[in-house]
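If you're matching positions, the sequence shown starts at 5 in our numbering and goes up one per residue. Each residue gets a CB set at the ideal place from its N, CA and C atoms; glycine is no exception. Accompanying notes for the structure given below.
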Amino acid sequence: MFLKRLELVGFKSFAERLSIDFVPGVTAVVGPNGSGKSNISDAIRWVLGEQSAKNLRGGKMEDVIFSGSDSRSRLNMAEISLILDNEDQHLAIDYSEVAVTRRVYRSGDSEYLINKQPCRLKDIVDLFMDSGLGKEAFSIIGQGRVEEILSSKSEERRMIFEEAAGVLKYKHRKQKSEKKLDDTQDNLNRVKDILHELEGQVEPLKEQASIATEYLDKKDELKNIEVGVLVTEIENLHEDWTKGKEDSVELQDRETSLTSKVQSLEAKIQRYRSDMQTLDESIEDLQNILLSTSEDLEKQEGQKEVWKERRKNFSQNKDQFRQEIEQLKQKKQELTVSLTEEEELLNKTRKKVTETKSLQKDLERRLTKIEEGSEEHLERLKADYIEWLNEKASKSNEQNYLREQVSKSEEKRARLEQDNLALIRKREDIQTDRAAAETAWEKLKQKIEEMYKDYQQVKTDLERKDKEYEKKEKLLYEALRHLQPLKSKKEVLEEMQQDYAGFFQGVKEVLKERDRKFKGVYGAVAEMIDVNTDLQTAIEIALGAAQQHVIVEDEATARQAIQFLKQRRLGRATFLPVSVVKPRTIPDYDLQRVQSLDGFIGVASELIQYDSTYTSVIRHILGNVVIARDMKAAQQIAGSLKYRFRIVTLEGDLVNPGGAMTGGSMKQKQSQILGRQQELERVVAKLQQLETQTDQLQKEVTTLKSERESLQTDVRELTQDGEKIRAEEQDKKGILKEIQLSEDNMNERLKVYDLEYSEYKQDLSEKKQRISDLDKAIDQSEKKVQEIDEEIQKLSTQKKQDQSARQELTSQLTNMKIQFAKEEEQRSYTQQSYDRLSKELQLVNQAIVEKDEEFSQLEKAQSDQAVDANVIEEQIEKRRIEKEKSIKLISKRRSERLSLQQHHDDHEQELKEQKRQLKFVSQTLHEKEVLINRLDVELDNRLNKLQEEYEVSFEGAKSQFVLTMDLDEAKNKVKLIKMAIEELGTVNVGAIEEYDRVKERFEFLSSQKMDLEEAKSTLHQVIAEMDEEMTRRFKETFDEIQLHFTEVFKELFGGGRASLKLTQPDDLLNSGVDIVAQPPGKNLQNLNLLSGGERALTAIALLFSILKVRPVPFCVLDEVEAALDEANVARFAQYLKSFSQDTQFIVVTHRKGTMEEADVLYGVTMQESGVSNLVSVRLEETKELIES
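Structure (structure tokens):
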């Protein structure tokens, strides 16, 4: 392998596209400073993947793009292509020539290509790895890099030896393996963390799942028994309800009959009452008339008598009235004078009374003042005396009471001691009974636990079966849900097929009549062919309107059909007679030419299925149509066929004969003709498959339902047994509780005795102390009483001395009171006399007014016309006749009412009896209806419970849940199961699935852990193997380079000695490499003390030593000999020439000696400012030219 060519454009100073050809041997690139010759070595380094702009003598990657000059604008892209001859397959790629290309844009985007195919930077790096080539390889040494080899650290210098040893790929693989190992360890740690977490979940979930399973078993058992209980109760309730209904109907009939009788009687009574009311009203009216008549009669007779009397006494009364009026006026005058006198006397009397009262109050104040001095103190002492006497008596009474209580307390103490002994004996008996009851209760509890375990097991089986049943039922419903749309789709497709939806009118009418009128019509082209789904679009485009062409037997049938369409004006159609249509084909030699082309699918007529009868017609339409994969393939095929046939792509694009192309997006058709029959067949097949699955699921659901019911029966039976035992256990528990309560009661009573006895002793002591205190208090009271009595005696003597003065004042006060009484009496008499006179005067005034009015009326009455006596007599006679008539009618009405009242009373008595019977029947009926309603409610409650809680109808429950035990026993069992469920507490039903999920995950992760640990072990083994291989290769290569380095150093320096040393010989994988050099005639010294030329020549000696061990295809040296003198340059050039037989050298130089040994010279010039150009000279040809 060698470097054939370097193509570059826009890279640094190379503005124009430039191609540099290289030949085996030595190629020298020369030119003045700044001409851009080193840009060629940078270009090779860059295209091989260099990412550091610094190593390319720039600040950023954008600097490698031509930045413009005085006469040229800058470019936006730099591109380098490196073409290698790979005939010997030195590179692991199956090409004889390899072109590696790299582009970079000012936007920052970059591209990599291998043989013009896009690739990654990694692909390029991998391609040149361990080939001696690459951006970091020893085969490319730029300016200053010779110095770096000697100046770099020993660990960094190791990279050159690793590249020469070919261990870089192992090193990279090791790094990948170590990364995988880290990832594996991370995954392992993560798995361990998850496993640790899951370990803490598995056991609790297992316990919860066990409880949930037990709970579900209990629920199933409860369902089996409780549903049976509900069914039995429903039947019993329904029987009672039916009997109640029958009784209710009978009572309703009886109630109706009684109601009818009552209503009839009430109607009769109402009529009697109405008649009696009418008679009462008539009697009342007659009585009113009689009363009115009697009053009128009496009034008229009175008027008659009054008239007579007035007429007789009028003259006498007139004089009398006048005399009375005069007397009243005289009396009024006298009364007025008397009243004035009495008023004056009254005022004098009032004044005198006021003065007497004031004197009386003054005497009373003086008397009170004398009495207040001693009387108040004496009364207060008497009160204190009485109070102390009362206190003494109270304390004596209390003392007697306390002594009596002490005596009673002694009797109570003796009684309490007897009661206490009896309670102790009774408590001992109760404790014996409690021990026996506890033993019996514990035995029942143990038996319940055993039954509960059995129940839980059956319940778990039932829950599992329920889940399976629900799952299958869900699948069944899902299948049924998909079944209906498929049926609908099938019906739509069949309807479209029958109606020929989507066909032209003419085609549709012909196809509809083909079985009746046209015996030779086979059908439309679209109906006659079967097309695979992936080819449907292509065939549809290829057919175009020909899809609706009608295939007929012969021309006569076509003519008949055309005539039919014309006569009925039904449109047009195209007919293809099988007897005359000729097939069209593509020549075999053309087919053979395109069949090998990429993208060729086949001829359209050969890609579809149809009856052999229509071969000529189908080939006529599609025999010269080619199906291609895509438009690119279609164009290639059309070109090969000279654009003589139609080419259709799978997407529906079309290349027409002559080269015209049709394509683009296609609108989705509402109704496709082509493939409709196939779609219908697919739907029918899928529908049949789904129906089969549905039937199978239906059978599985039925089987699971039967198994589920069997388990439910088992649960019910266990529930019933459990309830029975639970009830017995509750009874025992109740007995035990009663015994415990009795024992607690005994203990409480004994505590009460202890408390009472303690209180008794304390109370006795307090009472005795109180009696002693009372003795002292009584003595003190007696002394106080005696002291107060003596003081009272003293005050009584003082009171007698004040008695005489008080008597004199009292006498004066008495006389004053008598005088006041007399004066008050006189005032009162005078007031009465005044009031009497005022009243008499008022009466006289009123009498005068009345007498005046009577006198006026009398004169008016006398002056009015007198009533005719004969008229009054006639009216009186008329009123008498009316009165007698009314009396007779009233007597008659009363007789009639009496008869009606008798009938009314008889019927009312009968009504009361009927109402009594009706009330009894109604009450009985109401009780029955209440009973029926209660039974209805209980029936509804039980039916609702069946439906809502257990989701089963009564009929289903009756057939599935048969109660095999006594009803009471079953109820007790239900109670026991419910209590057992309550004792389970909060149940996490989801724990069952969660436990299965966690357990499955735990097991999976455990296996993953084992796999990861195994992978970890394998990676450790692989890394160890790679370490061993790298150590071996590095050791072998290092030893060879060491040997050659000693020789090459002597040859280049003409003597001296040099060697390579490992910094860590025991750790070859990490050891650095030191260079020891001793030029001729000098002592062994540090490399830093060597001259520039000596350092450069030492580095060159190392390079040639490596090339001897690991020859590379080509080597790029950029002014590596710049520091050498002429003699050493000549020696270097000769050595370089000798190595050029195995390695191609590209040398950037401006040394004459190197140029002389070069096979080809490239001169880099900069004729235009800022733009590099290239001039080439082949020295061998020049020598031949000179010699000739």
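Asked	Found
Cα-Cα separation, M532 to Q702	39 Å
Y757 beta carbon less than 8 Å from that of R417	no
Beta-carbon proximity list for L1128, same chain, < 7 Å, skipping 5 on both sides	G1097, A1100, L1101 and F1136
Alpha-carbon spacing of V871 relative to L294, whole angstroms	With a pLDDT of only 49 at V871, under 50, the local geometry of the prediction cannot be trusted, and the value read off the model is given with reservation. Cα to Cα, the separation comes out at about 25 Å.
Inter-residue Cα distance where the pair is A103 and I97	11 Å
For R438 and E747, believed in contact at Cβ under 8 Å, the rounded distance	6 Å
From R162, D190 and E83, residue whose alpha carbon lies closest to that of L1016	D190
Start and end residues, alpha helix (DSSP H) containing V598	D592 to Q599
Proximity below 8 Å, CB of G1174 to CB of S73	yes
Length of the line joining the Cα atoms of V129 and Q179	15 Å
Three-state secondary structure assigned by DSSP to A632	strand
Cβ contact check for the segment 455-472 and the segment 682-690: 3 or more pairs under 8 Å	no
The ligand ATP heavy atom lying under 7 Å from the CB of W445	This structure simply doesn't include the ligand ATP, nor any ligand for that matter.
Contacting residues, own chain, Cβ-Cβ under 6 Å from I87 (five flanking each side not counted)	K8, R9 and A103
Beta-carbon proximity of N976 to K736, cut-off 8 Å	no
Among E66, N90, P1083 and V1116, the one whose alpha carbon lies nearest that of A1103	P1083
Same chain only: Cβ atoms within 8 Å of I428, ignoring 5 sequence neighbours per side	L754
Sequence-distant residues of the same chain with beta carbon closer than 8 Å to S413, five excluded per side	Y764, D767, L768 and K771
The segment 944-960 contacting the segment 233-246, beta-carbon criterion three pairs below 8 Å	yes
Own chain residues within Cβ distance below 6 Å of A542, not counting five before or after	I631, V652 and L654
Where the beta strand (DSSP E) through S39 begins and ends	Taken as a continuous stretch (DSSP letters only), S39 belongs to no beta strand (DSSP E), as it is neither H nor E.
Cα-Cα separation, V51 to M65	13 Å
Cβ neighbour criterion (16 or more within 10 Å) applied to A565	buried
Nearest neighbour of A1147, chosen from T1153, I1110 and Q1171 [CA to CA]	According to the sequence displayed, residue 1147 carries Thr and not Ala. Cα-wise, what sits closest to T1147 is I1110.
Buried versus exposed, by CB contacts within 10 Å (16 or more), Y174	buried
Candidates E695, I605 and D594: closest to K646 by CA position	D594
Supposed close pair L967, A731 - CB separation, criterion 8 Å	Not really, about 17 Å apart at Cβ, beyond 8 Å.
DSSP bridge partner residues for P1197 (one or two, in chain order)	Lying before the first or after the last residue shown, residue 1197 is absent from the chain, which here runs from 5 to 1192.
Residues near R1155 by beta carbon distance below 6 Å, same chain, minus five either side	E1125 and V1133
Cα-Cα separation, S832 to E348	14 Å
Minimum C-alpha distance to D970 - residue among L95, Q964 and V978	V978
Sequence-distant residues of the same chain with beta carbon closer than 7 Å to T1035, five excluded per side	L1072 and L1073
Pick from W245, S77 and T105 that is closest to V1196, judged by C-alpha positions	For the chain, the structure presents residues 5 to 1192; residue 1196 sits outside this window and is missing.
Expected contact under 8 Å - CB spacing of S85 and E11 to nearest Å	4 Å
Contacting residues, own chain, Cβ-Cβ under 6 Å from Q674 (five flanking each side not counted)	Since pLDDT at Q674 reaches only 42, below the 50 mark, its modelled position is unreliable, and the value read off the structure follows with that caveat. So no residue of the chain qualifies.
Opposing strand residues paired with Y109 [DSSP bridges]	M81
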